[in-house]
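Read in order, the letters of the sequence shown correspond to residues 3 to 120 in the working numbering. C-beta atoms are modelled at their ideal positions from N, C-alpha and C, and glycine is treated no differently. The block underneath contains the structure these notes are about, expressed in structure tokens.
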Amino acid sequence: DEFCQECNKILLPEDPAELDKILAKQEESKKGSKKKQKKEDKHPERVFCGHWFHYCCLEEFVHRPPFGKKCPKPGCDQVVTHPLFPTDPKTLKAMEHSWALDQAKKRELEEIADLMGL
Numbered sequence: 003d004e005f006c007q008e009c010n011k012i013l014l015p016e017d018p019a020e021l022d023k024i025l026a027k028q029e030e031s032k033k034g035s036k037k038k039q040k041k042e043d044k045h046p047e048r049v050f051c052g053h054w055f056h057y058c059c060l061e062e063f064v065h066r067p068p069f070g071k072k073c074p075k076p077g078c079d080q081v082v083t084h085p086l087f088p089t090d091p092k093t094l095k096a097m098e099h100s101w102a103l104d105q106a107k108k109r110e111l112e113e114i115a116d117l118m119g120l
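Okay, here's the thing in structure tokens:
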């Protein structure tokens, strides 16, 4: 059995009918909203080091700092790369900057809420 490297849950359901539903959702999400795909899509994706993730787990893994992380599989020392998620240094730097700005904004809003007693 293969497990997702992020959530450590079994990658494919035991019931083939469930797999058909997952793959059908994947096809629908390709036609529809990307935001919906990110949050709900459990279809398996293989990264270049050969290990597997659920799509939604992979998306979260690559968009959470530190950016350019190595594969969490014990013994694998490769940076997680996948064609859907750019890993060039310029993009990673931009992602890091965007994340830092979001965190600063959240802190400022929390401080304002505390100051106002909300």
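Spatial distance of residue 110 from residue 65 (CA atoms): Looking up residue 110 in the sequence shown gives position 108. Looking up residue 65 in the sequence shown gives position 63. Rounded to the nearest whole angstrom, the C-alpha separation of residue 110 and residue 65 is 22 Å.
If you check the beta carbons only, do residue 82 and residue 95 fall under 8 Å apart? Counting from one through the sequence shown, the residue named residue 82 turns up at place 80. Counting from one through the sequence shown, the residue named residue 95 turns up at place 93. Contact flag unset, no.
Pick helix, strand or coil for residue 64, following the three-state DSSP scheme. What you label residue 64 is simply residue 62 of the sequence shown in a count that begins at 1. Residue state for residue 64 is assigned as helix, using DSSP reduced to three classes.
For the alpha helix (DSSP H) containing residue 99, name the first residue and the last one. Here residue 99 corresponds to residue number 97 of the sequence shown, with the count starting at 1. Where residue 99 is concerned, the enclosing alpha helix (DSSP H) stretches over 91-118.
Quick one: what's got a C-beta closer than 6 Å to residue 75's C-beta in the same chain, skipping five residues either side? In the sequence shown, the residue the question calls residue 75 occupies position 73. Once the five neighbours on either side are set aside, the close Cβ partners of residue 75 are 7 and 53.
Using the Cα positions of residue 29 and residue 22, report the straight-line distance between them to the nearest angstrom. Working through the sequence shown from its first residue, we reach residue 29 at position 27. Working through the sequence shown from its first residue, we reach residue 22 at position 20. The alpha-carbon atoms of residue 29 and residue 22 are separated by roughly 11 Å.
Between 92, 93 and 51, which lies nearest to residue 73 when the distance is taken from Cα to Cα? Numbered from its first residue, the sequence shown carries residue 73 at position 71. Of the listed residues, the one whose Cα sits closest to residue 73 is 51.
Name the one or two DSSP bridge partners that residue 5 has. Taking the first residue of the sequence shown as 1, we reach residue 5 at position 3. Bridge partners of residue 5: 12.
For a test of the three-state rule: what should DSSP assign to residue 46, helix, strand or coil? Working through the sequence shown from its first residue, we reach residue 46 at position 44. Secondary structure at residue 46: strand, using DSSP grouped into helix, strand and coil.
Less than 8 Å separating the beta-carbons of residue 101 and residue 67? Walking along the sequence shown from the start, residue 101 turns up at place 99. Walking along the sequence shown from the start, residue 67 turns up at place 65. Yes, the pair counts as a contact, with Cβ atoms nearer than the cut-off.
Leaving out five residues before and five after residue 98 in sequence, what residues of the same chain have Cβ atoms less than 6 Å from its Cβ? What you label residue 98 is simply residue 96 of the sequence shown in a count that begins at 1. Sequence-distant Cβ neighbours of residue 98 in its own chain, meaning closer than 6 Å and more than five residues away, are 69.
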